[in-house]
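Reviewing the structure listed below.
Residue numbers (UniProt numbering): 1 to 871.
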């Protein structure tokens, strides 16, 4: 009875970790048992396992500790126990990099590698190659060659895999083994053939011609190993990416032939390769989709999962090609594997028709609670993209997303739903009120500060412009009473926007803001005090400037400008016009941010880039007098990519100057250029003031030269074409050493023209509430003109206008509703010198596009300049 164990006890013992809480010092003490005579294999194996466990848990062994343990371990070579010996090999590989003098076991490993015990040989090869450095590699080269062609598959595979690792440090040695590797590639063993082909490809990967010959050989000869065939498909697919005439390539025929292979693994690999090829047509996809469709009904879950995941990817680019699989995908919605069911439903959402949406949504709801947050996010993204495809079905999809929002889930899951709802609200004006209502309900129980603040920001942005803005006040003010300081501050800002936009609500908003003056948090009190002061003035211009639109400056640039102002005391007040603007790139795909309003990916990249340019230009003495940087353009190529000199131009606009930055690269290895600069010739009025040369242009080392151009005093002259000539002194040099001759000669190289356009003088700024800004500027300097445009569609006309003026579309006015023949475009920008400019453009489509443009600016010259420039 004492020896009896209950079943429950056995289960508990099986689930617990016998090495839990193991300490490194204890294990090192136990390693002393390796010195005992006679050796006790079972006890030593247990100790070696403990050492392995401690190492893999991330414990750091000191050099002395590791070396002592390693040398104690070498005594175990005296035992012939197979299990113990293989454990020793494993530990040698683990400790090769942390112990000293590990090469002392080289002779023992070499003996085991060439011995008669096959169980020792493969593991000994791996351990030996791990500890051998380049100086000792030649000593085992003969043994490695023999091992590669050994009749025992495990030995041959071990030698080939180890050679792959050796190749990274000593490629020349391994290249001498190519004959043996090719012999191994014809082996009947599937793993040996796979490892041999992998090593051959690695040896030749830098020689495209050799790789092509190898692929041609094995695609014709055939491979017995499905693993090797899969590798060959991958190599072929990479080669096809570089081929111009893919249709005529025999590699395409090879990959398509693999769709009829007897191995399911090879069939899938071939289908995966076809699907992932660039610019694949629907005709080319058809055979791959057909075999994937067969996998959808496979009894193996792995095949069903792989096929569904791949078809999901195809549906993103070629949804019509996957439509034939919809019936099979619908059968997978009830699959016991929820990962497969999730992928099936998201694929159907991408390929389904508008009439099937309601049915699909009901089916999704049946299993959403059974899947992980990771797959829920996939479903949410699919529903969001479907709403963009079928905007009339927004009610069904918004209700579905709102129900998911009420379910339990983590931050990433809730963030994905909020992003999707915000995206639907932005893309579909009809969905605005329903979406805001769903978000209001969510913030009543929201646990995530960043999501709550973002929703409050959105309510302040969109709520005042709804039919009944008063209904959102309760939800916002509840946050002032119940939430943490960050959310209370965001709620106060949101309330202020309602007060600034809706005159009828202003008295109530003032009362609510007064209650926040006694808040425990200073940020909340400061915001309430500031907004109360502005709203009490009841002036539209103040409301627009300080509440509805706010500052459009770069935060990094503002910080730097304030810092410089404090370093150099001045009697002049700080001027906000000296601060760089917050750039608003156009044409990038919007992404949703969990902090604040929708942002663009390039927005985060562009502003720091301009800050870097500003720092570089400020460090040049010749440019010290031209003031703060206003705008930097995108690089423009002034040479072809294959020419001997590569030059690209970046235009940096200042209040009265333009700096042309020329990034130059010398692609000739037998020449060195010195005193490099660009001579610019332009129209009258644009004067070249100074040039900063690039002292030396060595082979393939980029250099920069600058040309400073003073702009005409007349602001109406903004455009010009500059002819450019690269001038330099040439010195011949040794291509191998790079040493240049002492004597040189003058030379020049004609570049493409550089064009200064109207958009180079305008910076994009976002005005979240365009009409408030429109009223703020007033009609004192308003001009109106009508033009006929050459564009055939409203979308084309909008893109042309935005590109030409270089201004930012506001309130999503760059999106034309489907089927509309007229549209209003709102643009905002700042002309160099800090002049605010707003444009209202009314577009009408008949045979061509007619545009009525109205411009308001703080400077009458700029208003006139824009209307004349468009004309």
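The beta-carbon is built from N, C-alpha and C at its ideal position, and this holds for glycine as well.
Computed from a prediction, not measured in an experiment: that's the story for all the values here.
- Message: So the candidates are 376, 322, 311 and 30; which of them puts its Cα closest to the Cα of residue 338?
- Response: 376
- Below 7 angstroms CB to CB, which residues in the same chain sit around residue 746 once its five sequence neighbours on both sides are set aside? 729
- Item | Where the alpha helix (DSSP H) containing residue 334 begins and where it ends | Boundaries for residue 334: no alpha helix (DSSP H) harbours it, and the DSSP string shows neither H nor E there.
- Query: For the beta strand (DSSP E) that contains residue 469, what are its first and last residues?
  - Reply: Per DSSP, residue 469 belongs to no beta strand (DSSP E) and is neither H nor E.
- Neighbourhood of residue 493 by C-beta, 7 angstroms cutoff - its chain only, sequence neighbours within 5 removed: Annotation for residue 493: 460 and 527 place their beta carbon closer than 7 angstroms to its own, counting only its chain and skipping 5 residues before and after.
- Task: Check residue 658 in the structure and name its three-state DSSP category.
- Result: strand
- Item | For residue 226, the nearest candidate out of 249, 242, 195 and 252 (CA to CA) | 195
- Query: Ordered along the chain, which non-local residues of its own chain (more than five positions away) have a Cβ less than 6 angstroms from that of residue 24?
  - Reply: 54 and 59
- Return the chain-ordered list of same chain residues with a C-beta closer than 6 angstroms to the C-beta of residue 879, the five sequence neighbours on each side being excluded. Residue 879 is absent from the structure shown; the chain starts at 1 and stops at 871.
- Query: Which same chain residues, not among the five before or five after residue 718, have their C-beta less than 6 angstroms away from its C-beta?
  - Reply: 758 and 761
- Message: Would you call the stretch 387-400 in contact with the stretch 763-779, where contact means no fewer than 3 C-beta pairs closer than 8 angstroms?
- Response: Touching, no.
- Out of curiosity, what's the CA-to-CA distance linking residue 567 and residue 561? 10 angstroms
- Can you tell me whether DSSP reads residue 587 as helix, strand or coil? With a pLDDT of only 43 at residue 587, under 50, the local geometry of the prediction cannot be trusted, and the value read off the model is given with reservation. Of the three classes helix, strand and coil, the one that applies to residue 587 here is coil, per DSSP.
- Proximity below 8 angstroms, CB of residue 83 to CB of residue 45: yes
- In terms of residue numbering, what span does the alpha helix (DSSP H) encompassing residue 453 cover? 449-462
- So, using beta-carbon positions, are residue 130 and residue 158 closer together than 8 angstroms? no
- Measuring CB to CB, does residue 344 end up less than 8 angstroms from residue 358? No, they are not a contact pair.
- Give a yes or no on whether the C-beta atoms belonging to residue 233 and residue 270 are separated by under 8 angstroms. yes
- Please name the residue in 818, 851, 72 and 34 whose C-alpha comes closest to that of residue 428. Minimum Cα distance to residue 428 is reached at 818.
- Query: If we ignore side chains and look at the alpha-carbon of each, how far apart do residue 154 and residue 291 end up?
  - Reply: 34 angstroms
- Is DSSP giving residue 34 helix, strand or coil here? helix
- I think residue 98 touches residue 71, with their Cβ atoms under 8 angstroms apart; what is that distance to the nearest whole Å? Going by Cβ atoms, the distance from residue 98 to residue 71 rounds to 13 angstroms, so no, they are not a contact pair.
- Query: Under the DSSP definition of a beta bridge, which residues are partnered with residue 843?
  - Reply: 823 and 851
- Decide yes or no for the touch test of the stretch 395-404 against the stretch 434-449: beta carbon pairs closer than 8 angstroms, at least 3 of them. With three or more CB-CB distances shorter than 8 angstroms, the stretch 395-404 counts as touching the stretch 434-449.
- Out of 656, 134, 471 and 868, which has the shortest C-alpha to C-alpha gap to residue 787? Answer by Cα proximity: 868.
- Leaving aside the five residues before and after residue 510 along the sequence, list all residues of the same chain whose C-beta is less than 8 angstroms from its C-beta, in chain order. Closer than 8 angstroms at the Cβ level, and outside the excluded window around residue 510, lie 499, 532, 535 and 536.
- How big is the Cα-Cα spacing for residue 655 and residue 278? 46 angstroms
- Message: Would residue 855 and residue 837 qualify as a contact pair, given that the criterion is a beta-carbon distance under 8 angstroms?
- Response: yes
- Item | residue 598 (DSSP reduced to helix, strand or coil) | At residue 598, the pLDDT of 34 sits below 50, so the modelled position is not reliable; the number obtained from the coordinates is stated separately. Residue 598: coil per DSSP, three-state reduction.
- Could you give the DSSP three-state label for residue 569: helix, strand or coil? coil
- Query: Between residue 282 and residue 321, is the Cβ-Cβ spacing less than 8 angstroms?
  - Reply: yes
- Tell me where the alpha helix (DSSP H) around residue 446 begins and ends. That residue, residue 446, is in no alpha helix (DSSP H); it is neither H nor E in DSSP.
- Message: To the nearest angstrom, how far is the alpha carbon of residue 360 from that of residue 331?
- Response: 12 angstroms
- Item | Cβ-based neighbour list, residue 381, same chain, cut-off 6 angstroms, excluding 5 preceding and 5 following | none
- Rounded C-alpha distance that separates residue 850 from residue 825: 13 angstroms
- Item | Residue environment, residue 607, which counts as buried when at least 16 other CB atoms sit within 10 Å | With a pLDDT of 44 at residue 607, under the threshold of 50, the predicted position of this residue should be treated as unreliable, though the coordinate-derived value follows. Per the 10 Å Cβ criterion, buried.
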